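Q:
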Amino acid sequence: MVEQALEEISRGTAEIIDMERIEKLVSKYYEDGTTYTVKAGFDPTGADLHLGHTVLLQKLKAFQKHGARIQLLIGDFTAMIGDPTGKSETRKVLDRTTILENAQTYQDQVFNILDKSKTDVVFNSTWLEALGAAGMVSLTTTFNVARMLERDDFEKRYKSGKSISISEFIYPLLQGYDSVELQSDIEIGGTDQKFNLLMGRFLQRAYEIDKEQAVLMMPILEGLDGVQKMSKSLNNYIGITEEPKDIYAKTLSVSDELMWRYYELLSERPLEEIAQMKQDVAQGKLHPKTAKENLALELVTRFYNKELATLAKEEFDNVFKANQLPSDINEIEAEEGIWICKALVDAGIEPSTSQARRDIKQGAVRIDQEKISDEKMNLEAGEYILQVGKRKFAKVKVK
1 MVEQALEEIS RGTAEIIDME RIEKLVSKYY EDGTTYTVKA GFDPTGADLH
51 LGHTVLLQKL KAFQKHGARI QLLIGDFTAM IGDPTGKSET RKVLDRTTIL
101 ENAQTYQDQV FNILDKSKTD VVFNSTWLEA LGAAGMVSLT TTFNVARMLE
151 RDDFEKRYKS GKSISISEFI YPLLQGYDSV ELQSDIEIGG TDQKFNLLMG
201 RFLQRAYEID KEQAVLMMPI LEGLDGVQKM SKSLNNYIGI TEEPKDIYAK
251 TLSVSDELMW RYYELLSERP LEEIAQMKQD VAQGKLHPKT AKENLALELV
301 TRFYNKELAT LAKEEFDNVF KANQLPSDIN EIEAEEGIWI CKALVDAGIE
351 PSTSQARRDI KQGAVRIDQE KISDEKMNLE AGEYILQVGK RKFAKVKVK
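Letter 272 of the sequence shown, counting from 1, is numbered 272 in full-length UniProt numbering, and no numbers are missing.
1) Val300: which of Ile209, Gly239, Leu131 and Asp153 sits nearest, CA to CA?
2) Determine whether the beta carbon atoms of Leu216 and Tyr177 lie at a separation below 8 Å.
3) Could you check what DSSP says for Tyr207 in three-state terms: helix, strand or coil?
4) Please name the residue, chosen from Ile17, Tyr29, Thr13 and Ala14, that lies closest to Val2 on a Cα-to-Cα basis.
5) First and last residue of the alpha helix (DSSP H) that includes Ala296?
6) Give the list of continuous alpha helix (DSSP H) stretches no shorter than 4 residues that lie fully inside the segment 28-116.
7) Can you list the alpha helix (DSSP H) stretches of 4 or more residues lying completely in the segment 215-291, in chain order?
8) Helix or strand or just coil, what does DSSP make of Phe143?
9) Rank Val254, Tyr384 and Leu258 by C-alpha distance to the C-alpha of Ile332 and give the top, closest one.
10) When burial is assigned at 16 or more other CB atoms within 10 Å of the CB, is Tyr248 buried or exposed?
11) Is DSSP giving Gln387 helix, strand or coil here?
12) Using a Cβ distance threshold of 8 Å, determine whether the segment 204-214 contacts the segment 165-182, with at least three qualifying pairs required.
13) Would you tell me roughly how many angstroms separate the C-alpha atoms of Glu150 and Lys159, rounded to the nearest one?
14) When the Cα atoms are used, what is the spatial distance from Thr34 to His66?
15) Short of 8 Å in beta carbon distance, which residues of its chain neighbour Thr191, apart from the five on each side in sequence? Order them along the chain.
16) Taking the alpha-carbon positions, what's the Arg96 to Ala296 distance?
17) To the nearest angstrom, how far is the alpha carbon of residue 451 from that of Ile274?
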């Protein structure tokens, strides 16, 4: 059983530091029921979680299955500084009200995946505010500036003359101190968090708490474009609170190659089953679209239920196989002569008129199923079905 547990815990990981410790903790659980703690921190800098976030949540769920108690750390204090990881400039400071609102939405969403009874939600403001000035100064003496500048992102900014605030130097120390306060046995995070995760190990030694956390790092999930990491700002994400039909359709839009990456990091199917599917696709026994449909159904079921997943598939099939319109198409009214780009924005299927113009130039916009190329078009009186790409539809009644 321990071997099977470790295989599941290791699945899809990019790097594990101190696997021996993880093995001891899991073995101890199966010997006498002794639980252990796994920490994962989330700075609530945005309101919604996407599939990229769930890579970590799925791993936490695997740990829960094998004896772990999860320390779901909401970085309400550190979010006011902003994690400098991978940033080319200093981040804007968020106000506390926004942070707390975002933190609540995180809690509402994570228990779609995690077992609430095996999860402790903790806020690092609890101990970091109590640390005080003297404690903060003492914390800064544990690490020096030269080592801090060894961080790739800091080094690049320093050499290019870009600003690095003192608070950004303090951020990794605060994240590491969270592990001291929580006495975490294991911490998990993305590969981009390696410096911060190792800081937890370092500070646990420095503060002599008689343990040194193991570190498990997960790869960064690519977005729908298959190139950049999944991000709301890049608009290449699948949000876990999106409508079932949107989660389903977006999943089907990923490339055949990227599909297997999503299976490995997001699916709960056994690796042997995924390997068999991959082989069947390669040999022509299984169509890649069918494999993608199975993944889409699994994801929608996870965040909603099987019934809504089935309905999402039926809706998709109706629209794209039978060339029918969605059942819940948005409808707006407009005045005669409205500019097509403004109509697309007002209908909610384009984020901006500049994006609408780009999509028209690229042939991604249709009116009544016919592609258009005139970005300066004005709509005369009548009713129109506007379409952007394969998934966005709206009806416009022009008076």
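Using N, Cα and C, we set each Cβ at its ideal position, and we do this for glycine too.
Note that the structure is predicted; figures quoted are calculated from it, not measured.
A: Taking the definition as stated:
1) Residue 300 sits at position 300 when you count from the first residue of the sequence shown. When each option's Cα is compared against that of Val300, the closest is Gly239.
2) As a first step, residue 216 must be located in the sequence shown, where it is residue number 216. As a first step, residue 177 must be located in the sequence shown, where it is residue number 177. No, they are not a contact pair.
3) On the sequence shown, residue 207 is found 207 positions in, with the first residue counted as 1. The answer is coil: DSSP assigns Tyr207 none of H, G, I, E or B.
4) As a first step, residue 2 is located in the sequence shown; it is residue number 2 there, counting from the start. Checked all of Ile17, Tyr29, Thr13 and Ala14; the closest Cα to Val2 is Tyr29.
5) In the sequence shown, counting from the first residue as 1, residue 296 sits at position 296. That run of the alpha helix (DSSP H) goes Pro288 to Phe303.
6) 51-65 and 96-110
7) 244-252, 256-266 and 271-282
8) Residue numbering aside, residue 143 sits at position 143 when the sequence shown is read from its first letter. Coil at Phe143, not helix or strand.
9) Mapped onto the sequence shown, residue 332 falls at position 332. Of the candidates Val254, Tyr384 and Leu258, the one whose C-alpha sits nearest the C-alpha of Ile332 is Tyr384.
10) Your numbering for residue 248 matches position 248 in the sequence shown. Buried, because 16 or more other Cβ atoms sit within 10 Å of the Cβ of Tyr248.
11) Position 387 of the sequence shown, counted from the start, is the residue given in the question as residue 387. Three-state result, Gln387: strand.
12) yes
13) Residue numbering aside, residue 150 sits at position 150 when the sequence shown is read from its first letter. Residue numbering aside, residue 159 sits at position 159 when the sequence shown is read from its first letter. Straight-line Cα distance between these residues: approximately 12 Å.
14) Within the sequence shown, the letter at position 34 stands for residue 34. Within the sequence shown, the letter at position 66 stands for residue 66. Straight-line Cα distance between these residues: approximately 11 Å.
15) As a position in the sequence shown, residue 191 is number 191, starting the count at 1. Cβ within range, chain order: Ala14, Glu15, Met217, Met218, Pro219 and Ile220.
16) As a first step, residue 96 must be located in the sequence shown, where it is residue number 96. As a first step, residue 296 must be located in the sequence shown, where it is residue number 296. Approximately 36 Å between the Cα atoms of the pair.
17) No answer is possible for residue 451: it lies beyond the span of the chain, which begins at 1 and ends at 399.
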